[in-house]
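This report refers to the structure that appears directly beneath it.
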Amino acid sequence: LPEIFQAARPIIEKLEQHHYEAYFVGGCVRDWLLRRPMGDIDIATSASPENIQEIFEKVIPVGIEHGTVIVRWEKESYEVTTFRTDGKYSDKRHPDDVVFIDNIELDLERRDFTINALAMDKDGSIIDLFHGREDLQRKLIRTVGNGEQRFQEDSLRIARALRFCSQLGFDIHPETLDAMYKVKDDMEGLAVERLATEMEKLFAGSHLQTGIHYLKKTGVYMHLPVIKDYPHIIQRLPSSLRPLLTLGEVFALFHILEEEIPIETWVKAWKCSNQIKNQAKALVESYSYYRSHGADEWLAYRLSRFNQEAFTRLTVSLHPGDQLGMEDFTRINDRLPIQSTREMDIDGKEIAELFPERKKGPWMKETIQKVEKKIVMGELNNSKSDIKEWIKWNPPERD
Ligand code: ATP
Ligand code: MG
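First residue of the sequence shown? That's 2 in UniProt numbering, and the numbers climb one at a time after it.
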């Protein structure tokens with residue numbers, strides 16, 4: 002077994018010493034069998050959250066009511082969840098009553114898809130009650146049990162099916178697809194935050210075109226905030242679209258594809274953070290600058306390293322012919338006379354002193370920005386005397 006499982010093995014051993022059962026479960030087993038990079042290691046056990054807290058020193062109770070705690074072990078975190086069934090789903094969102102159980106079989110049965118319903122013991126033996134390995138081999142997303150029923154219990158699973166298609170490049174089993182059509186209207190009742198998490202993963206998937214294919218085919222996009230009011234956006238998605246890593250990048254793309262919808266509308270409807278909003282806005286601004294000026298020093302300077310990568314993904318998606326690479330930005334960045342406003346050889350106070358008769362106001366910031374661009378573009382030396390001279394000859398307009 003790979004090192005990452007070896008590192009978690011003592012947790013399972015300890016639980017077994019206390020006469021509990023414990024297995025690796027879910028995404029980590031799936032990803033290991035696919036030999037793809039793994040996210041988190043999840044462990045399922047017959048021990049109750051209280052039992053777990055007694056056995057391990059560092060336990061963080063993140064979701065006790067669902068039977069989930071985080072066990073800290075050798076500086077790593079592991080989600081350890083008590084075997085459970087999900088009871089009835091009356092509000093179609095949260096399990097009514099989680100029932101803890103003592104066998105793994107029913108725990109696997111509550112899981113969404115066959116490929117996610119695999120468990121593995123500490124020695125690498127797989128428990129596969131629903132032909133999950135076969136579906137991995139056939140590259141199929143298929144619900145555990147009756148699709149219609151499973152999607153009615155929790156319609157987020159419909160969104161999850163699409164994101165797994167996008168991440169894994171899998172197809173959806175015809176019966177599961179049929180059930181998705183039938184139940185998709187239920188998605189209207191989903192908490193937007195849960196939907197947003199899955200959609201972010203969908204747009205970041207390395208088989209994004211498969212994800213989008215099924216997003217269209219199932220008509221699920223008609224149940225997504227904002228998109229349902231402007232469905233033509235989905236048709237406009239370019240076939241050269243690259244995986245976008247954040248919803249900030251996705252909203253920037255949507256806004257470029259349909260300028261009528263402001264970034265704010267996306268961010269609000271999808272209940273995203275200000276950070277996402279700011280990233281989307283910065284990307285849109287940079288994109289429009291790029292369209293008129295190309296990838297010059299000022300563009301490279303204005304994009305943070307983080308956004309340079311995002312910008313490249315976005316721009317190459319929209320203009321696959323453009324030879325725009327990260328190396329270009331890095332090369333330009335390395336040659337810039339300054340890397341940030343702080344490195345300018347002048348500050349606001351000194352600029353104010355050049356015009357003692359004027360009151361402080363927006364003209365100061367505007368002057369700094371003008372000078373900053375001149376310096377970055379190599380049109381003005383970053384030296385106090387040169388800057389002062391330039392400002393004297395190019396005095397700021399009055400506010
Ligand atoms: P990732 O690699 O993105 O974390 P994952 O398969 O581990 O993928 P998680 O959301 O971390 O997905 O969930 C862990 C496991 O819990 C899943 O593999 C699945 O077995 C189960 N699961 C998660 N969400 C649901 C759900 N809505 N309905 C049923 N089972 C679920
Ligand atoms: Mg996971």
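Beta carbons: idealized from backbone N, C-alpha and C, even for Gly.
Remember, it's a predicted structure, so these values are computed and weren't measured experimentally.
Cβ pair residue i, residue j closer than 7 Å
| i | j | result |
| --- | --- | --- |
| I277 | G249 | yes |
| A118 | G133 | yes |
| L337 | I392 | no |
| E189 | H224 | yes |
| G88 | L2 | no |
| W227 | E298 | In the sequence on display, residue 227 carries Val and not Trp. Going by C-beta atoms, V227 is not nearer than 7 Å to E298. |
| V145 | K185 | no |
| residue 412 | D113 | Here the chain covers residues 2 to 400 and nothing more, so residue 412 does not appear. |
| P50 | G68 | yes |
| L245 | R292 | no |
| F101 | T83 | yes |
| L163 | L203 | yes |
| D346 | N383 | yes |
| G349 | D400 | no |
| I234 | E199 | no |
| F312 | S287 | yes |
| K123 | I5 | no |
| E149 | K183 | yes |
| L141 | D172 | yes |
| V317 | L304 | no |
According to DSSP, residues forming a beta bridge with residue i
| i | result |
| --- | --- |
| S78 | R73 |
| M121 | F25, I127 |
| V268 | DSSP lists no partner for V268. |
| R85 | F101 |
| L141 | D172 |
| F114 | T144 |
N- and C-terminal bounds of the beta strand (DSSP E) containing residue i
| i | result |
| --- | --- |
| P62 | 60 to 64 |
| T177 | Run containing T177: none in the beta strand (DSSP E); it sits in the alpha helix (DSSP H), 175 to 184. |
Where the alpha helix (DSSP H) through residue i begins and ends
| i | result |
| --- | --- |
| I376 | 363 to 377 |
| D335 | 327 to 336 |
| T46 | T46 -> not in any alpha helix (DSSP H); beta strand (DSSP E) instead, spanning 43 to 46. |
| M200 | 193 to 205 |
| N383 | It is not in any alpha helix (DSSP H) - N383 carries neither H nor E in the DSSP assignment. |
| residue 1 | The chain is shown from 2 up to 400; residue 1 falls before or after that span and cannot be answered. |
| H214 | 209 to 219 |
| G249 | 248 to 258 |
| H67 | No alpha helix (DSSP H) contains H67, which DSSP labels as neither H nor E. |
| H233 | 233 to 237 |
| F6 | 4 to 18 |
| E51 | 50 to 56 |
Proximity test, Cβ basis, 7 Å: residue i and chain C
| i | result |
| --- | --- |
| Q276 | Judged by its chain identifiers, the structure shown contains no chain C, having just a single protein chain. |
Contact test: residue i Cβ vs the ligand ZN heavy atom, cutoff 6 Å
| i | result |
| --- | --- |
| D41 | Among the ligands present in this structure, namely the ligand ATP and the ligand MG, the ligand ZN is not found. |
Does the count of Cβ pairs from the segment 39 to 49 and the segment 57 to 65 closer than 8 Å reach three? Result no; under three Cβ-Cβ pairs closer than 8 Å.
Using 8 Å as the Cβ pair cut-off and three pairs as the minimum, do the segment 154 to 167 and the segment 200 to 208 touch? yes
Per the contact definition of three or more C-beta pairs closer than 8 Å, is the segment 104 to 115 in contact with the segment 126 to 145? Taking 8 Å as the limit for Cβ pairs, the verdict is that the segment 104 to 115 does touch the segment 126 to 145.
I'd like to know if the segment 182 to 194 and the segment 254 to 274 are in contact, where contact means that at least 3 CB-CB pairs between them fall below 8 Å. yes
Just checking, does the segment 274 to 291 make contact with the segment 308 to 326 on the three C-beta pairs under 8 Å criterion? yes
Validate contact between the segment 68 to 83 and the segment 28 to 37 using beta carbons, cut 8 Å, 3 pairs: The segment 68 to 83 vs the segment 28 to 37: no contact.
Which parts of the segment 283 to 324 are runs of the beta strand (DSSP E), unbroken and 3 residues or longer, counting only runs that do not cross its ends? none
Please confirm if the segment 232 to 243 is in contact with the segment 314 to 326, defined as three or more CB-CB distances below 8 Å between the two stretches. yes
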